[in-house]
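In this note's numbering, the protein residues as written are 384 to 745.
Where a beta carbon is used, it is the ideal one built from N, C-alpha and C, also for glycine.
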Amino acid sequence: MQLFQCQNCGQLLYFENTRCERCGYALGYLWEARELSALAPIENSLVKNDEWQALADPTRRYRYCANATYAVCNWLVPVDSPNALCFACQLNNTIPNLSEPEHVALWQKLEFAKHRLVYGLLRFGLPVINKTADPALGLAFDFLAPIDPTIQGGGITTGHADGLITINIAEADDAKRERVRQMMEEPYRTLLGHFRHEVGHYYWQLFARSMDWLTAFRQNFGDERQNYAQALGMHYQQGNGMDWATQFVSQYASAHPWEDWAETWAHYLHMVDALETAYAFGLRVRPQIRADANLTTTVDFNAYNQADFEMLIEAWLPVTYALNGLNRSMGHVDLYPFVLSPRVLEKMKFVHTSIRRWAGPG
């Protein structure tokens, strides 16, 4: 994620900010310009109070996305747009029942994660197609509440089906998500991780329409035509052996080629977005020990624009060492508790080349 700066006073801003803490200006995100803009109210009694002048784009007038009412979105919409919702919120098919007070807080966390996902997809230049506009190839989200407390997950399964991504809103409850993580013996489980994993399934369907890409996929990940339900059942009942780490980025990735792709895809998105943040902060890693060059890096490039996969990896590994060390200093577990084997790096490179093949100008 890039960093932002208030156009009025120069204060450092973050993606989800709605007000500058220094000067008090309202803030809104211009997704086409990739800019978090300070907003000045339009001093004209003939216009509505929700119209704003964006300091980052003084040529147009804007209003907030309708979902800003619930403090779940800070994206802007041109006042002449027929849509009440912003680009990211138009992807929603179902939102939680907001008459339940606890659902609003959970939805806020879901939207923060989803907006970061959409930011990254747009930064790559990947097609983000609204399912309303294109039912066959589009993308949509269902945020569903558990319906049966006697069943694990409440009867709602987080997953993907033909462009519709379902997220169980219980995943936005930190305590519940941590209990599931421990029960599943997972080293890492986050909302953003769910979004990135599930959208990987969506892009697999888009990419797999190309037979030459599908052939290359099978060479890297295996044949996805094997029975998916049986493969998952075997994974949960028996596991997949002790040597999975040499071949897969996570144990779950070993269940089926589709899950291998989605897990690898998610890790690639984690890496690129974290490296963009490191670049925005001017991060340098210079350990004060006698160490080899693999522990040293300067993140002096924007990862979203980096065509050389090797440069991404050469920067990522030292950054993870530093971040894991910082987390341990704060009493937390490792931020990135994974080992990327040579075979996993080959798969990540395939994700890298696939994105660059399908992406437009990023």
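In chain order, what residues of the same chain lie with their CB nearer than 7 Å to the CB of residue i, ignoring the 5 residues before and after it?
i, result
"R739", "A690"
"A705", "V668"
"V430", "Note that V430 scores a pLDDT of 47, beneath 50, so its modelled location is shaky and nothing firm can be said."
"H584", "H543, W641 and A645"
"K497", "A471, F524 and F578"
"P725", "none"
"L493", "F526, I550, I552, A555 and L574"
"G530", "According to the sequence as given, residue 530 is Ile; it is not Gly. Cβ within range, chain order: G537, G538 and I539."
"F692", "K732 and H735"
"P424", "W435"
"G503", "L652 and D656"
"A454", "Q491"
"L597", "A591"
"E426", "none"
"A614", "A638 and H639"
Looking at C-alpha atoms only, which residue of the options is the closest neighbour of residue i?
i, options, result
"L695", "M731, G546 and H543", "M731"
"A471", "A451, G542 and Y687", "A451"
"F604", "S593, Q613, W587 and A612", "W587"
"N391", "D433, I512, A409 and R673", "A409"
"Y397", "L386, C406 and G407", "L386"
"F507", "D656, D717 and G665", "D656"
"P465", "N685, C448, Y453 and A454", "C448"
"Q630", "E483, V722 and L438", "V722"
"F590", "T541, Q621 and L520", "L520"
"I512", "L474, A467, D545 and N610", "L474"
"L718", "N610, H639, R572 and D517", "R572"
"G576", "G407, S712, H650 and L678", "H650"
"T746", "A698, S593 and A416", "Since the displayed the chain opens at 384 and closes at 745, residue 746 lies outside it and no answer follows."
"Y445", "A421, A663, S593 and V455", "A421"
"D606", "R564, Q621, D643 and S593", "D643"
"L681", "I672, P701, N688 and Y687", "For the sequence presented, residue 681 should be read as Thr rather than Leu. With distances taken between Cα atoms, T681 lies closest to P701."
"L505", "G708, P720 and M384", "M384"
"P720", "S593, N707 and I672", "N707"
So residue i is in the beta strand (DSSP E); what residue range does that whole segment cover?
i, result
"R444", "R444 to Y447"
"F524", "A523 to L527"
"T598", "No beta strand (DSSP E) contains T598, which is instead part of the alpha helix (DSSP H) from M594 to F604."
"Q634", "Run containing Q634: none; DSSP gives neither H nor E here."
"Q613", "Run containing Q613: none in the beta strand (DSSP E); it sits in the alpha helix (DSSP H), Y611 to Q621."
"T452", "First-last for T452: undefined, no H or E at that position."
"W435", "W435 to A437"
"S420", "E418 to P424"
"T401", "Counting along the chain, T401 falls outside any beta strand (DSSP E), and DSSP gives it neither H nor E."
"I550", "L547 to N551"
"V460", "L459 to P461"
If I measure Cβ to Cβ from residue i and keep anything under 6 Å in the same chain, skipping five residues before and after, which residues do I get?
i, result
"R443", "P461"
"V727", "V632"
"N457", "T401, G411 and Y412"
"P479", "H486, W490, F526, A528 and I552"
"F495", "E399"
"F766", "With the chain covering only 384 through 745, there is no way to say anything about residue 766."
"Q634", "W627"
"H618", "A638"
"P670", "L678"
"Y662", "V682 and N685"
"T660", "M384"
Would you grab the beta carbon distance between residue i and residue j for me? Rounded to a whole angstrom, and I think it's under 8 Å.
i, j, result
"N476", "L547", "7 Å"
"L500", "R579", "6 Å"
"S637", "W627", "4 Å"
"T541", "E581", "7 Å"
"L468", "A437", "Wrong, their Cβ atoms sit about 18 Å apart, outside the cutoff."
Beta carbon of residue i: closer than 7 Å to some heavy atom of the ligand HEM?
i, result
"T598", "Within the structure as shown, the ligand HEM is missing, as the structure has no ligands at all."
For the alpha helix (DSSP H) that residue i lies in, which residues bound it at each end?
i, result
"I539", "Taken as a continuous stretch (DSSP letters only), I539 belongs to no alpha helix (DSSP H), as it is neither H nor E."
"P640", "P640 to A663"
"L575", "L574 to F590"
"G407", "Run containing G407: none; DSSP gives neither H nor E here."
"Q565", "D557 to M566"
Can you list, in chain order, the residues of its chain with a C-beta nearer than 8 Å to that of residue i? Leave out the 5 residues immediately preceding and following it.
i, result
"E404", "Q394"
"S428", "With a pLDDT of 38 at S428, under the threshold of 50, the predicted position of this residue should be treated as unreliable, though the coordinate-derived value follows. So no residue of the chain qualifies."
"E729", "N603"
"W741", "L509, P510, Y586, L589 and F590"
"Q388", "Q394, L395 and L396"
"A416", "A439 and D440"
"D433", "R446 and Y447"
- Those runs of the alpha helix (DSSP H) which lie wholly inside the segment 477-514 and span at least 4 residues: 484-507
- Message: Just to confirm the assignment: which complete alpha helix (DSSP H) runs, minimum length 4, are found wholly within the segment 682-732?
- Response: 692-712
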